[in-house]
Amino acid sequence: MASTLCTRASSLVSSPTIRRRLPLVGAFCMLSLGLTNLCPTLSSSLKTSSAPSLPFFGSKFSNQARAKSSNTIKMEGNRNTVPSIVVYVTVPNKEAGKKLAESIVKAKLAACVNRVPGIESVYEWKGEIQTDAEELLIIKTRQSLLETLTEHVKANHEYDVPEVIALPITGGSQPYLEWLKSSTRD
3 MASTLCTRAS SLVSSPTIRR RLPLVGAFCM LSLGLTNLCP TLSSSLKTSS APSLPFFGSK
63 FSNQARAKSS NTIKMEGNRN TVPSIVVYVT VPNKEAGKKL AESIVKAKLA ACVNRVPGIE
123 SVYEWKGEIQ TDAEELLIIK TRQSLLETLT EHVKANHEYD VPEVIALPIT GGSQPYLEWL
183 KSSTRD
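Positions in the sequence shown are counted from 1; adding 2 to them yields my numbering.
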């Protein structure tokens with residue numbers, strides 16, 4: 003079945019009509035996933051007659067992708083990094099965001115806090131729909147610091163129930179993740 007799909011995909015990609023009308027999202031997905039890695043039968047056709055029409059699929063692009071991938075890692079099993087997370091916290095205004103972000107970094111509870119102004123939150127509070135302008139803090143830290151970070155946010159936040167939502171970092175730039183580890187407390 004896989005070979006049938008690859009054969010059909012190969013004939014579709016080599017069609018001039020499809021190449022001209024390939025949606026941006028589809029092109030992005032194929033570039034991101036490495037189409038030649040997904041369907042080996044496409045590899046030869048993309049490197050020959052189709053290569054001039056699809057410059058990103060040639061061997062040069064594949065080599066660049068392989069070179070770049072050596073600088074990225076998955077989080078499991080790397081002694082130079084630690085399991086890491088991204089934490090979202092909303093604050094009511096710029097001043098509160100700056101104060102909280104600085105206190106988090108100063109306490110080494112995070113390596114970096116991005117402040118994103120101009121968000122609008124819609125939520126239900128005490129039976130009423132509320133709409134508020136807020137600032138979003140995007141906090142990069144160690145997974146092991148989540149509980150301490152949450153307590154710090156609660157103690158330094160003016161909301162009764164501050165938002166603290168953590169998402170795992172499953173991989174990324176090795177130098178950045180090593181920096182994240184060295185910039186936060188154990």
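Just so you know, even glycine gets a beta-carbon here, dropped at the ideal spot from N, CA and C.
Helix, strand or coil, according to DSSP, for P85 in the structure here?
Counting from one through the sequence shown, the residue named residue 85 turns up at place 83. If DSSP states are grouped into helix, strand and coil, P85 belongs with coil.
Cut-off 7 angstroms between Cβ atoms - residues of its own chain near N95, not counting five sequence neighbours on either side:
The residue you call residue 95 lines up with position 93 of the sequence shown. Once the five neighbours on either side are set aside, the close Cβ partners of N95 are E137.
Hey, T143 and A113 are a contact pair by Cβ (cut 8 angstroms); roughly how many whole angstroms apart?
Counting from 1 along the sequence shown, the entry for residue 143 is found at position 141. Counting from 1 along the sequence shown, the entry for residue 113 is found at position 111. That belief holds up - the Cβ atoms of T143 and A113 are roughly 7 angstroms apart, short of 8 angstroms.
Can you tell me which residues form a DSSP beta bridge with W127?
Counting from 1 along the sequence shown, the entry for residue 127 is found at position 125. Partner(s): E130.
Helix, strand or coil, according to DSSP, for V163 in the structure here?
Translated into positions along the sequence shown, residue 163 becomes position 161. Correct three-state label for V163: coil.
Residue burial classification, G199 (beta-carbon count within 10 angstroms, cutoff 16):
The structure shown has nothing for residue 199, since the chain only spans 3 to 188.
Excluding sequence positions up to five away, which residues of its chain have a Cβ less than 8 angstroms from the Cβ of L147?
Mapped onto the sequence shown, residue 147 falls at position 145. Around L147: L111, A112, T186 and R187.
Enumerate in chain order the residues of its own chain whose CB-to-CB distance from E180 is below 7 angstroms, with the five nearest sequence positions on each side excluded.
Locating residue 180 in the sequence shown gives position 178, where the first residue counts as 1. So the list reads N82 and T83, once near-sequence residues are dropped.
With a threshold of 8 angstroms on Cβ separation, who are the neighbours of E122 within its own chain once the five nearest residues in sequence on each side are excluded?
For the purposes of this step, residue 122 is taken as residue 120 along the sequence shown, with counting starting at 1. Answer for E122: T133, D134, A135 and E136, listed in chain order.
Could you work out which residue in H154, E130 and G129 is closest to I141 when comparing CA atoms only?
As a working mapping, residue 141 is identified with position 139 in the sequence shown. Measuring from the Cα of I141, the nearest candidate turns out to be H154.
Around the Cβ of P177, are there at least 16 other Cβ atoms within 10 angstroms (buried) or fewer (exposed)?
The residue you call residue 177 lines up with position 175 of the sequence shown. Flag for P177 reads exposed.
Given a threshold of 16 other Cβ atoms within 10 Å of its Cβ, counted over all protein chains shown, does I167 qualify as buried or as exposed?
To locate residue 167, count along the sequence shown from 1; it is residue 165. Counting Cβ neighbours within 10 Å, I167 comes out exposed, since fewer than 16 surround it.
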